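Undergrad:
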Amino acid sequence: MASTTPQALPAAQGFRKRVSMLSDRAVAWLCIGPTIALLLAINIFPLLWTIYLSFTNYRANQPGREIKWVGLKNYKRILGSEDIWGYMQTTASFVCTTMIIQTALGLGLALLINRNFRGHGFCTTVILIPMMLTPAVVGTFWTYIYQPQTGIFSYIVNFFAEVGPLDMIGSVDLAPWAIVIVDTWMWTPYIMLLCLAGLRSIPPYLYEAAEIDRANAWQKFRYITLPRIMPFLMLAVLFRGMENVKMFDMVVELTSGGPGSVTELASINLKREAFEKWKTGYSSAFAVILFVTVFGLGSIYVKALNRVKS
Amino acid sequence: MTASDGKPAAATASAAPRRLGTAAAAAAVIAYALITLIPLLWILVTGFKSPPDSISYPPKVVYRPTLEGYVNLFTARSRQTREYIDSLGPATTWYDKLARKRNMVITGPSRFAGRYMNSVIIGFGSTFLAVFLGTLAAYGFSRFKVPLKDDLLFFILSTRMMPPIAVAIPIFLMYRKLGLSDTALGMILLYTAVNVSLAVWLLKGFVDEIPREYEEAAIIDGYSRMQAFVKVVLPQMRAGIAATAIFCLIFAWNEYAFALLLTSGEAQTAPPFIPVIIGEGGLDWPAVAAGTTLFLLPIITFTVLLRNQLLRGITFGAIRK
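Below you can see the structure in the form of structure tokens.
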């Protein structure tokens, strides 16, 4: 085998030779080591530190103050706080509403696009764009669109139905819908894409066999389509649901959690407690609770998903 | 019982309603696509409005376009009296002229360009690092018997379950102690750590698809493991690496929470900066729209050009698992 190694300096050549002569085991650790090290340093160590802080009364804006161990006091306060339960409820209703609407829309769009009409690829690309945009920037410019007098949302709605200037952001009733609409605009394509992938994996002969058996459209959908795309749909809802529990960027820019605390999601409140009120210990406990919630719900969901797949 | 073209009668009988149904489907999807575009088009249009036009009631669709928004985005200005402005020499450039029409004098460049550059540097830097580490780790997990492999992989995946704000608290303290606050290096490391879990997961799937026979043949021929990896496996991973890199870049580009909490001046990226471009009496909407357009344009371009890679990556998790 003709070697194509260029004539490097003796030192570099020696190093290269040493690296290429490593045993399989050494190579394996060389490959995985740096990644594990980075994750330990920036993900695991901080997580452990957060858990430690959750048992203290530390305040990051008073670093010199003596840190006192307070045991479960932070956790008791959080779990007993009506406000916190309110924020969790706001978050839960946000997640449920968006998941229901986006599932219906995404599945519907996927079914329509799967008919492969001319231009469906172009349409897919266009619908895909909002998903890739910066959520914080999207929140900002939807603030402009939602202006009651000067924004086009109110203008367009009034074009169809005279309801007067719509204050989407300032109204207690409309603000939750404001964030649901923007989230739907951004993320319906995600569910649509996964459903589409699922639809495309269904072999056509199943439908042909069903047609021979004189199945109607609804029966075909219920017995062939739906079971086949269920895993994809559930996976999409899992990912999106988890992301929406952690939702921060877009809502912070759109409503800041307001008016009042009508759209104050869990992450927004966490940021307030940790980085505005500087109650570091307290907010660490909240963070741990949130993490356990996401992790727990995610695990339950994944188990259900695996059962559906088998 | 077949029709003249050989298809079973049932098929041709339902062909006409099917075609109608397809046309209706197309109409519905096109309508949705157009509605989706409206907010984006509106932002593009707003970038070329003058500040008074942008807050006119009712909203103006027909207006006189101007570059004032873009000028305001890139410059810092101060308001002066008419006499002072007249006492200066004639305006030298077109943007000077624009500013003076509103009784403003340009005092220097704004911070937008710097923030945009930070987004580029931190974005590409962390993407490169995440893909580099991810490729190596994916190869390692795929080809070697690593103790506790499944646990390690799950651990890597679970790092994505923490709300970013929660992670930000200890990182903030840690970086403060290490002097990494508000540094590009600190942000690159952070974004890399967040991205590498996704990168490993995606890339491992791609590596798993490549048959081992190729490397084993190369090793029999005298190449070492690393050489076999570089010469045989890496080229076949190109598509996977491209798809992974795009996702990492998009995450880093769009990241907001960490940038907001961990940076303030030196290493701040564009997303926390754009919402606070203040004009006279509130947000300078044309400038915000201009900044938004410039920041989102690369993403939209990427999405359109690299559509297939993106689609592959997005649906990857569903199919592979």
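As they're listed, the protein sequences go chains D and V.
According to our numbering, the first sequence is numbered sequentially starting from 1.
According to our numbering, the second sequence is numbered sequentially starting from 311.
Just so it is clear, CB atoms sit at the ideal spot from N, CA and C, and this is done for glycine as well.
Note that this is a predicted model, so its numbers are computed, not measured.
Using the C-alpha atoms, what's the distance from Phe-275/D back to Arg-412/V?
TA: Indexing the second sequence from 1 puts residue 412/V at position 102. Indexing the first sequence from 1 puts residue 275/D at position 275. Roughly 38 Å between the two C-alpha positions.
Undergrad: Less than 8 Å between the CB atoms is what I'm expecting for Pro-480/V and Phe-568/V, so what's the real figure, rounded?
TA: Working through the second sequence from its first residue, we reach residue 480/V at position 170. Working through the second sequence from its first residue, we reach residue 568/V at position 258. Wrong, their Cβ atoms sit about 12 Å apart, outside the cutoff.
Undergrad: Using DSSP's beta-bridge definition, name the partner residues of Ile-588/V.
TA: Residue 588/V sits at position 278 when you count from the first residue of the second sequence. Leu-593/V.
Undergrad: CB Leu-513/V to CB Ile-466/V, shorter than 9 Å?
TA: Translated into positions along the second sequence, residue 513/V becomes position 203. Translated into positions along the second sequence, residue 466/V becomes position 156. Against a cut-off of 9 Å, the Cβ pair of Ile-466/V and Leu-513/V comes out as no contact.
Undergrad: Rounded to the nearest angstrom, how far is the Cβ of Ser-420/V from that of Thr-150/D, given a contact under 8 Å?
TA: The count along the second sequence starts at 1 and reaches residue 420/V at position 110. The count along the first sequence starts at 1 and reaches residue 150/D at position 150. Ser-420/V to Thr-150/D, Cβ: 24 Å. No contact.
Undergrad: Would you say Ala-104/D reaches chain V, if we count a Cβ-Cβ gap shorter than 9 Å as a contact?
TA: As a first step, residue 104/D must be located in the first sequence, where it is residue number 104. So, not an interface residue.
Undergrad: Name the DSSP beta bridge partners of Thr-56/D, please?
TA: Counting from one through the first sequence, the residue named residue 56/D turns up at place 56. Answer is Trp-69/D, bridged to Thr-56/D.
Undergrad: Are the beta-carbon atoms of Met-131/D and Tyr-146/D separated by less than 9 Å?
TA: On the first sequence, residue 131/D is found 131 positions in, with the first residue counted as 1. On the first sequence, residue 146/D is found 146 positions in, with the first residue counted as 1. Not in contact: Met-131/D and Tyr-146/D (Cβ atoms no closer than 9 Å).
Undergrad: Whole angstroms is fine: what's the gap from Leu-47/D's alpha carbon to Val-477/V's?
TA: Position 47 of the first sequence holds residue 47/D. Position 167 of the second sequence holds residue 477/V. Looking at the two C-alpha atoms, the distance is approximately 7 Å.
Undergrad: Using 10 angstroms around the beta-carbon of Leu-398/V, count the other beta-carbons present and answer buried if the total reaches 16, otherwise exposed.
TA: Along the second sequence, one-based indexing puts residue 398/V at 88. When all chains shown are included, Leu-398/V counts as exposed.
Undergrad: Can you tell me where the alpha helix (DSSP H) holding Arg-392/V begins and where it ends?
TA: As a position in the second sequence, residue 392/V is number 82, starting the count at 1. Unbroken alpha helix (DSSP H) run through Arg-392/V: 392-397.
Undergrad: For Gly-418/V, which residues does DSSP report across the bridge?
TA: Residue mapping note: residue 418/V aligns to position 108 of the second sequence, counting from 1. Ala-386/V.
Undergrad: Asn-43/D and Thr-469/V look like a contact to me (Cβ under 8 Å); what is the Cβ gap, rounded to whole Å?
TA: Here residue 43/D corresponds to residue number 43 of the first sequence, with the count starting at 1. Here residue 469/V corresponds to residue number 159 of the second sequence, with the count starting at 1. Their Cβ separation, rounded to whole angstroms, is 4 Å, which keeps Asn-43/D and Thr-469/V in contact under 8 Å.
Undergrad: Is the distance from the Cβ of Arg-548/V to the Cβ of Arg-453/V below 9 Å?
TA: On the second sequence, residue 548/V is found 238 positions in, with the first residue counted as 1. On the second sequence, residue 453/V is found 143 positions in, with the first residue counted as 1. Cβ distance not < 9 Å, so Arg-548/V and Arg-453/V don't count as in contact.
Undergrad: Which residues in the same chain have their Cβ closer than 8 Å to the Cβ of Ala-210/D, if we skip the five residues on either side of it in sequence?
TA: Along the first sequence, one-based indexing puts residue 210/D at 210. Gln-219, Lys-220, Tyr-223, Ile-224, listed in sequence order.
Undergrad: What residue range is occupied by the uninterrupted alpha helix (DSSP H) comprising Ser-507/V?
TA: Reading the second sequence from its first residue, position 197 is the one you call residue 507/V. Its alpha helix (DSSP H) spans residues 494-519.
Undergrad: Using alpha carbons as the reference points, say which of Gly-164/D, Ala-304/D, Thr-188/D, Ser-283/D lies closest to Met-99/D.
TA: As a working note, residue 99/D is residue 99 in the first sequence. For Met-99/D, the nearest C-alpha among the options comes from Thr-188/D.
Undergrad: Determine whether the beta carbon atoms of Leu-559/V and Thr-437/V lie at a separation below 9 Å.
TA: Along the second sequence, one-based indexing puts residue 559/V at 249. Along the second sequence, one-based indexing puts residue 437/V at 127. Contact: yes.
Undergrad: So, helix, strand or coil for Asp-83/D, using DSSP?
TA: Residue 83/D sits at position 83 when you count from the first residue of the first sequence. Asp-83/D falls in the helix class under three-state DSSP.
Undergrad: Quick check on Val-302/D: does DSSP put it in helix, strand or coil?
TA: Position 302 of the first sequence, counted from the start, is the residue given in the question as residue 302/D. In this structure, Val-302/D counts as helix in the three-state DSSP scheme.
Undergrad: Given a threshold of 16 other Cβ atoms within 10 Å of its Cβ, counted over all protein chains shown, does Trp-185/D qualify as buried or as exposed?
TA: Translated into the one-based positions of the first sequence, residue 185/D becomes position 185. Under this definition Trp-185/D is a buried residue.
Undergrad: In terms of residues, what are the limits of the alpha helix (DSSP H) holding Ile-127/D?
TA: Counting from 1 along the first sequence, the entry for residue 127/D is found at position 127. Run containing Ile-127/D: 120-132, per the alpha helix (DSSP H) assignment.
Undergrad: State whether the region 269-288 of chain D contacts the region 62-82 of chain D, with contact taken as three or more CB pairs (one from each stretch) at a distance under 8 Å.
TA: Touching, yes, given that three or more Cβ pairs across the two stretches are closer than 8 Å.
Undergrad: Quick one: is Gly-241/D near chain V, going by C-beta distance under 9 Å?
TA: Taking the first residue of the first sequence as 1, we reach residue 241/D at position 241. False, the Cβ-Cβ gap to chain V never drops below 9 Å.
Undergrad: For Asn-505/V, go through chain D and note every residue whose CB falls closer than 8 Å to its CB, in chain order.
TA: Within the second sequence, the letter at position 195 stands for residue 505/V. By Cβ distance, chain D contributes nothing, its closest Cβ being about 10 Å from Asn-505/V, past 8 Å.
Undergrad: Output the distance between the C-alpha atoms of Lys-459/V and Phe-451/V, rounded to the nearest integer angstrom.
TA: Taking the first residue of the second sequence as 1, we reach residue 459/V at position 149. Taking the first residue of the second sequence as 1, we reach residue 451/V at position 141. Approximately 7 Å between the Cα atoms of the pair.
Undergrad: Consult DSSP for Gln-7/D and reduce its assignment to one of helix, strand or coil.
TA: What you label residue 7/D is simply residue 7 of the first sequence in a count that begins at 1. Residue placement at Gln-7/D cannot be trusted, given a pLDDT of 48 that sits under 50; what the coordinates show is reported in the next sentence. In this structure, Gln-7/D counts as coil in the three-state DSSP scheme.
Undergrad: Could you check the C-alpha separation between Leu-79/D and Asn-61/D for me, to the nearest Å?
TA: Taking the first residue of the first sequence as 1, we reach residue 79/D at position 79. Taking the first residue of the first sequence as 1, we reach residue 61/D at position 61. The alpha-carbon atoms of Leu-79/D and Asn-61/D are separated by roughly 25 Å.
Undergrad: Suppose you measure from the CA of Val-182/D to the CA of Arg-240/D; what does that come to, to the nearest Å?
TA: In the first sequence, counting from the first residue as 1, residue 182/D sits at position 182. In the first sequence, counting from the first residue as 1, residue 240/D sits at position 240. Spanning the two alpha carbons is a distance of roughly 14 Å.
Undergrad: Can you pull out the residues from the region 364-380 of chain V whose beta carbon lies closer than 7 Å to at least one beta carbon of chain D?
TA: The residues in question are Ile-365, Ser-366, Tyr-367, Pro-368, Pro-369.
Undergrad: Whose Cβ in chain D lies nearer than 8 Å to the Cβ of Thr-613/V?
TA: Reading the second sequence from its first residue, position 303 is the one you call residue 613/V. Here the neighbours are Thr-125, Leu-128, Ile-129, Met-132.
Undergrad: What residues in its chain sit with their C-beta under 8 Å from that of Gln-390/V, if we drop five residues either side in the sequence?
TA: For the purposes of this step, residue 390/V is taken as residue 80 along the second sequence, with counting starting at 1. Asn-413, Met-414, Val-415.
Undergrad: Report back the beta-carbon spacing between Pro-585/V and Glu-253/D to the nearest angstrom; my notes put them in contact at under 8 Å.
TA: Taking the second sequence and counting its residues from 1, the one referred to as residue 585/V is at position 275. Taking the first sequence and counting its residues from 1, the one referred to as residue 253/D is at position 253. Contact holds; Cβ gap of about 5 Å.
Undergrad: Take Gly-418/V and list the residues in its own chain whose beta-carbon comes closer than 6 Å to its own, dropping the five residues that flank it on each side.
TA: Along the second sequence, read from residue 1 onward, the residue named residue 418/V stands at position 108. Result list for Gly-418/V: Ala-386, in chain order.
Undergrad: Secondary structure at Asn-269/D, three-state DSSP: helix, strand or coil?
TA: Mapped onto the first sequence, residue 269/D falls at position 269. Of the three classes helix, strand and coil, the one that applies to Asn-269/D here is helix, per DSSP.
Undergrad: What does the alpha-carbon distance come out to for the pair Leu-587/V and Val-70/D?
TA: Reading the second sequence from its first residue, position 277 is the one you call residue 587/V. Reading the first sequence from its first residue, position 70 is the one you call residue 70/D. Strictly speaking, residue 587/V in this sequence is Ile, with Leu absent from that position. Whole-angstrom Cα-Cα distance: 43 Å.
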